Amino acid sequence: MRTITLYILLLWFSVASLSAQGRRWNVELSFKKAAITGLCIIDTVEQQPRGAILNEFGIKMVDFVCMPNGKVKLYNLVPMLNKWYIRRVLRHDLQQIVPQLVTRDSLTYENPKRHITYRFKPLKPTEDETER
């Protein structure tokens, strides 16, 4: 029980620190028979966009870093997504999405070969953010 509580606190602090500096979007990944919704947070550190995608329960699905050569590295995938073929598709799609998303407010990207649609919509500012 203590490890679960500690994990939740660490996750909350990491999200809080990222969200204080980064940009945030609602994200929806739509497949043929399913959909995943959640939150995407991206921050630029040392000229490299870095981010995380979390589901609605706050469980981190994937961390990613956009390298200077344009490639994306994936870290900390949940076991359900940690398959070579899923990593390959996700890496390719994020290579197309992240450079556009850093400069835009919202984005819809479709992978026609795999029939996956990614929708990013900006989060509305909270009361805490408007007071700053």
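For what it's worth, my numbering labels the leading residue of the sequence shown as 1, then goes sequentially. Just so you know, even glycine gets a beta-carbon here, dropped at the ideal spot from N, CA and C. Remember, it's a predicted structure, so these values are computed and weren't measured experimentally.
- Residue C66 holds the alpha-carbon nearest to the alpha-carbon of V45 among L101, K32, C66.
- For D93, no beta strand (DSSP E) encloses it; the enclosing alpha helix (DSSP H) starts and ends at 84 to 103.
- Distance from the Cα of P122 is smallest, within the candidate group K32, I41, A35, for I41.
- Of all alpha-carbon atoms in K71, G70, I36, the one lying nearest the alpha-carbon of G58 is that of I36.
- Separation of D43 and V102 (C-alpha to C-alpha, rounded to the nearest whole angstrom) is 9 Å.
- One alpha carbon belongs to L81, the other to D63, and they sit about 12 Å apart.
- Counting the other CB atoms within 10 Å of its CB gives V98 a total of 16 or more, which places it among the buried residues.
- In the displayed model, E127 falls within a helix according to three-state DSSP.
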